[in-house]
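The structure under discussion appears below in the form of structure tokens.
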Amino acid sequence: MGTPELISPRSPRVTAARKLARRAVRGKERRFIAEGPQAVREAIAHRTGGAPTLIELFATVEAAERHAEIVEAARAAGVRVHFADDRTVADISQTVTPQGLLGVCEFLDSPFEEILAARPQLIAVLANVRDPGNAGTVLRCADAAGADAVVLTDASVDLYNPKSVRASVGSLFHLPVAVGVPVERVVSGLQSAGVRILAADGAGDRDLDAELDTGSMGGPTAWVFGNEAWGLPEETRALADAVVRVPIHGRAESLNLATAAAVCLYASARAQRSPGGCRAVSPA
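Using our numbering, the letters of the sequence shown correspond one by one to residues -12 to 271.
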């Protein structure tokens, strides 16, 4: 590849990218940082308004050599590529162990109305979830379980927080995500679209195993997950069609948010793909 010219740490491009660590700047510019080869690869493939969501790539020389196919894909997509030293990339990423590749991306959240219009079958709703790592991990779990969308209510963490983006490990670019929607609007809109609302709560009066046994989970479903510390408030639980607890068969006091979300989403995914479920494949 030769020895490429390195961008100056004082370059306006570096300064602008570094400022995206602040939520106010991200909101004003409608841009965020995606770090690591998986996230950058997905950002190149994802389209916002017909163009790659990735609009600018910063790479160390070593990372560019190791992931040459990503750099070439970025160039082929018309993305500006900047080579930088390790310190400059680390300064932009603000992580302890930067991966050498990071991109500036356009916001990609979807209007809630578009999600409703697509008639989703499985949705994860994050209500008042404040930890960015948890939010990104739940998004990753929803993607893995085959969910159609994720919704972050207006009291939840910023979707584009760098920790959220890293924790999603590229899943942010795989499924529609709506942000800033009041929980009442989310519930009423989904219920009007024929989606059953299940609130996940350790004190729920219904047991997840029992719900599966009764065969009631095969239809369109939205799971509502609450705050890491205090769960769902009574007024949110009251909006749901049922409040469901994940059974604890051992001696653990509880499950953390992301683990409980994975269990619930996969339970729905299995029920929906079973005979009679809303995603079951009809015989030819």
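Glycine included, C-beta positions come from ideal geometry on N, C-alpha and C.
Taking the straight line between their C-alpha atoms, what separation do you get for ALA30 and SER97? Along the sequence shown, one-based indexing puts residue 30 at 43. Along the sequence shown, one-based indexing puts residue 97 at 110. The alpha-carbon atoms of ALA30 and SER97 are separated by roughly 16 Å.
Taking 8 Å as the cut-off, does the stretch 185 to 196 touch the stretch 144 to 157 (at least 3 CB pairs, one atom from each stretch)? no
For my contact list, ALA134 and ALA111 are in at a C-beta cut-off of 8 Å; report their separation, rounded to the angstrom. In the sequence shown, the residue the question calls residue 134 occupies position 147. In the sequence shown, the residue the question calls residue 111 occupies position 124. Yes, ALA134 and ALA111 are in contact; Cβ-Cβ is about 6 Å, under 8 Å.
Kindly list the residues whose CB is nearer than 6 Å to the CB of VAL182, restricted to its own chain and excluding five residues on each side of it in sequence; keep chain order. One-based indexing of the sequence shown puts residue 182 at position 195. Excluding sequence neighbours, VAL182 sits near PRO207 and ALA209.
Does the separation of the CB atoms of VAL68 and LEU89 fall below 9 Å? Within the sequence shown, residue 68 is the residue found at index 81, counting from 1. Within the sequence shown, residue 89 is the residue found at index 102, counting from 1. Against a cut-off of 9 Å, the Cβ pair of LEU89 and VAL68 comes out as no contact.
When you compare only the Cα positions, how much space is there between PHE212 and LEU(-7)? Position 225 of the sequence shown, counted from the first residue, corresponds to residue 212. Position 6 of the sequence shown, counted from the first residue, corresponds to residue -7. Whole-angstrom Cα-Cα distance: 45 Å.
Grab me the residues of SER80's own chain with a C-beta within less than 6 Å of its C-beta, minus the 5 sequence neighbours each way, in chain order. Taking the first residue of the sequence shown as 1, we reach residue 80 at position 93. Correct list, in chain order: GLU22 and LEU89.
Whole-number beta carbon distance between VAL91 and LEU7, since they are thought to touch under 8 Å: Here residue 7 refers to the residue found at position 20 of the sequence shown. Here residue 91 refers to the residue found at position 104 of the sequence shown. Indeed, because the Cβ distance is near 7 Å, the residues count as touching under 8 Å.
LEU146 to GLY123 span [Cα, whole Å]: Translated into positions along the sequence shown, residue 146 becomes position 159. Translated into positions along the sequence shown, residue 123 becomes position 136. Approximately 8 Å, taken between the alpha carbons.
Spatial neighbours of ARG10 within its chain, please: C-beta separation below 6 Å, excluding the five flanking residues on both sides. One-based indexing of the sequence shown puts residue 10 at position 23. Result list for ARG10: ASP145, in chain order.
Would DSSP call ASN121 helix, strand or coil? As a position in the sequence shown, residue 121 is number 134, starting the count at 1. Helix, per DSSP.
Determine the DSSP secondary structure at LEU41, reduced to helix, strand or coil. For the purposes of this step, residue 41 is identified with residue 54 of the sequence shown, where counting begins at 1. Residue state, collapsed to three classes: strand.
So, GLY176 versus GLU100, is the Cβ gap smaller than 9 Å? Here residue 176 refers to the residue found at position 189 when the sequence shown is read from its first residue. Here residue 100 refers to the residue found at position 113 when the sequence shown is read from its first residue. Cβ atoms of GLY176 and GLU100: closer than 9 Å.
Going by other Cβ atoms of all chains shown within 10 Å of its Cβ, with 16 needed for buried, is ALA63 buried or exposed? Start at 1 with the first residue of the sequence shown, and residue 63 comes out as number 76. Under this definition ALA63 is an exposed residue.
What does DSSP give as the partner residue(s) for CYS251 in the beta ladder? Within the sequence shown, numbered from 1, the residue matching residue 251 stands at position 264. Answer is none; CYS251 lacks a bridge partner.
Any idea what DSSP makes of PRO270, helix, strand or coil? In the sequence shown, the residue the question calls residue 270 occupies position 283. Note that PRO270 has pLDDT 43, beneath the 50 cutoff, so the model's placement of it is unreliable and the number below is only indicative. In the structure shown, PRO270 sits in coil (DSSP, three-state: anything other than H, G, I, E or B).
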